[in-house]
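Residue numbers (our numbering): 45 to 259.
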């Protein structure tokens, strides 16, 4: 979730985080922010430092009082580069900060990715290695095996080249599989059942070439 009363900055953050694979809910007003927060906690909060009716630090402190250890990590997204920002960070009220005009939205994205425990896999995919989840266009997979993650990583990093059928089958075979009788379609279908709809739709087969991610 992103809160910023500057519509241009709000849109910049929304587009950057959406492009990275996050589902982003962006708000200019505090009331709409809190109304949406009641429907469920996000993985991270990006808060402007100054907005009508409050500040990022005050809001972070209020949320800590309301949610305790359940409060999502907070990134302060601000044009204010005064020295007291460092003191704010040291208090632990916020987890990180990005200075508008001095640091770009790529820095904002990377700070959010670091805080929520995701890492880029290419092609708009991100991985939470601890949970074995893949995030694609804001949709999260069911837990994946190490071989399935390696297969998706190969697809994500291979550009338009994809993965040939033989290599794909070998990558997706799990210990205990009957290697002689388990066809490629069966091991791929086993993976597909775990993937979110957007990623299933993007995973396509090319006749004579194998599998690739459709951008």
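Note that the Cβ used here is the ideal one computed from N, Cα and C, for glycine as well.
Since the structure is predicted, the reported quantities are computational estimates derived from the model, not experimental observations.
Taking its Cβ as the centre, do 16 or more other Cβ atoms sit within 10 Å of residue i, making it buried, or is it exposed?
| i | result |
| --- | --- |
| residue 256 | buried |
| residue 233 | exposed |
| residue 251 | exposed |
| residue 63 | exposed |
| residue 207 | buried |
DSSP state of residue i, grouped into three classes?
| i | result |
| --- | --- |
| residue 70 | strand |
| residue 98 | strand |
| residue 189 | coil |
| residue 254 | strand |
| residue 194 | helix |
| residue 47 | strand |
| residue 223 | coil |
What number of angstroms, rounded off, separates the C-alpha of residue i from the C-alpha of residue j?
| i | j | result |
| --- | --- | --- |
| residue 169 | residue 84 | 23 angstroms |
| residue 210 | residue 95 | 56 angstroms |
| residue 156 | residue 103 | 18 angstroms |
| residue 106 | residue 91 | 13 angstroms |
| residue 60 | residue 153 | 7 angstroms |
| residue 164 | residue 200 | 9 angstroms |
| residue 122 | residue 253 | 48 angstroms |
| residue 88 | residue 140 | 11 angstroms |
| residue 70 | residue 120 | 14 angstroms |
| residue 77 | residue 220 | 49 angstroms |
| residue 115 | residue 51 | 25 angstroms |
| residue 188 | residue 175 | 8 angstroms |
| residue 196 | residue 223 | 20 angstroms |
| residue 66 | residue 178 | 11 angstroms |
Tell me, which residues are paired with residue i by DSSP?
| i | result |
| --- | --- |
| residue 141 | 120 |
| residue 58 | For residue 58, which the question treats as bridged, DSSP gives no partner whatsoever. |
| residue 80 | For residue 80, which the question treats as bridged, DSSP gives no partner whatsoever. |
| residue 247 | 257 |
| residue 184 | 179 |
The alpha helix (DSSP H) with residue i in it runs from where to where?
| i | result |
| --- | --- |
| residue 210 | 209–216 |
What is the residue span of the beta strand (DSSP E) that residue i lies within?
| i | result |
| --- | --- |
| residue 150 | Segment 149–160 is the alpha helix (DSSP H) holding residue 150; no beta strand (DSSP E) there. |
| residue 169 | 169–172 |
| residue 165 | 163–166 |
| residue 92 | 89–92 |
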